[in-house]
Amino acid sequence: MKGAKGKGATKRDALKPVDDKKVGKKKAVGKGKAKGGKAEKDPNKPKRPPSAFFVFLEEFRVTFKKENPNIKAVSAVGKAGGEKWKSMSASEKAPFEAKAAKRKSEYEKQMNAYNNKQDDDADEESDKSKSEVDEESGQENADVDDDEDDDEDDD
DNA sequence: GCCATGATTGTTTCC
DNA sequence: GGAAACAATCATGGC
Numbered sequence: 071m072k073g074a075k076g077k078g079a080t081k082r083d084a085l086k087p088v089d090d091k092k093v094g095k096k097k098a099v100g101k102g103k104a105k106g107g108k109a110e111k112d113p114n115k116p117k118r119p120p121s122a123f124f125v126f127l128e129e130f131r132v133t134f135k136k137e138n139p140n141i142k143a144v145s146a147v148g149k150a151g152g153e154k155w156k157s158m159s160a161s162e163k164a165p166f167e168a169k170a171a172k173r174k175s176e177y178e179k180q181m182n183a184y185n186n187k188q189d190d191d192a193d194e195e196s197d198k199s200k201s202e203v204d205e206e207s208g209q210e211n212a213d214v215d216d217d218e219d220d221d222e223d224d225d
């Protein structure tokens, strides 16, 4: 029953029209595969930060695999994760949203550096002699206190 | 052998 | 403002 999303009612639901599966798009270009040949965008461009749902999914995958070592299909994890996500209360989602917010902050910084580099890159065209090492040091680690606040450990 | 797909929701980005 | 693309994951199938 792929129509499971009946409950969704999210925007994607509205655009799910044709498609059969993922709106006809999905990772076609994702993962930087750039299969089509075009796309290609910018390999240096920072990837989007995972949303609260994705942060939750990361942990959920581990739990799911433990309980279902036989099930390795990502679709199964996605479905189960989606259902549980909806069943979770705001309080339970809070820690995941906090992590997502933190990653988003880092993403913004990376985007800032990326945009800065883009502008610099344009200038570099006239002065391509210099190497782009400074941007590398620009992003450095950005690790900050990292996550590690999984105090929710249910069970 | 390698890339796309499958499913989920949220966020971001572009027009 | 809305619509579309993309973020992770991994086994599997198709070319």
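Convert by adding 70 to the 1-based position in the first sequence; the result is the number in my numbering. Each residue gets a CB set at the ideal place from its N, CA and C atoms; glycine is no exception.
{"Item": "Of the listed residues 163, 157, 127, nearest to residue 146 (C-alpha basis)", "Value": "127"}
{"Item": "Three-state secondary structure assigned by DSSP to residue 173", "Value": "helix"}
{"Item": "Nearest-angstrom beta carbon gap, residue 180 and residue 120 [assumed within contact, 8 angstroms]", "Value": "With a Cβ gap of about 14 angstroms, residue 120 and residue 180 do not count as contacting."}
{"Item": "CA-to-CA distance, residue 187 to residue 174, given in whole angstroms", "Value": "19 angstroms"}
{"Item": "DSSP state of residue 120 mapped onto helix, strand, coil", "Value": "coil"}
{"Item": "Status (buried if at least 16 other CB within 10 Å, exposed otherwise) for residue 125", "Value": "buried"}
{"Item": "Reference residue 169, options 134, 122, 140, closest by Cα", "Value": "122"}
{"Item": "Whole-angstrom C-beta distance between residue 151 and residue 166, which should lie under 8 angstroms", "Value": "Not really, about 11 angstroms apart at Cβ, beyond 8 angstroms."}
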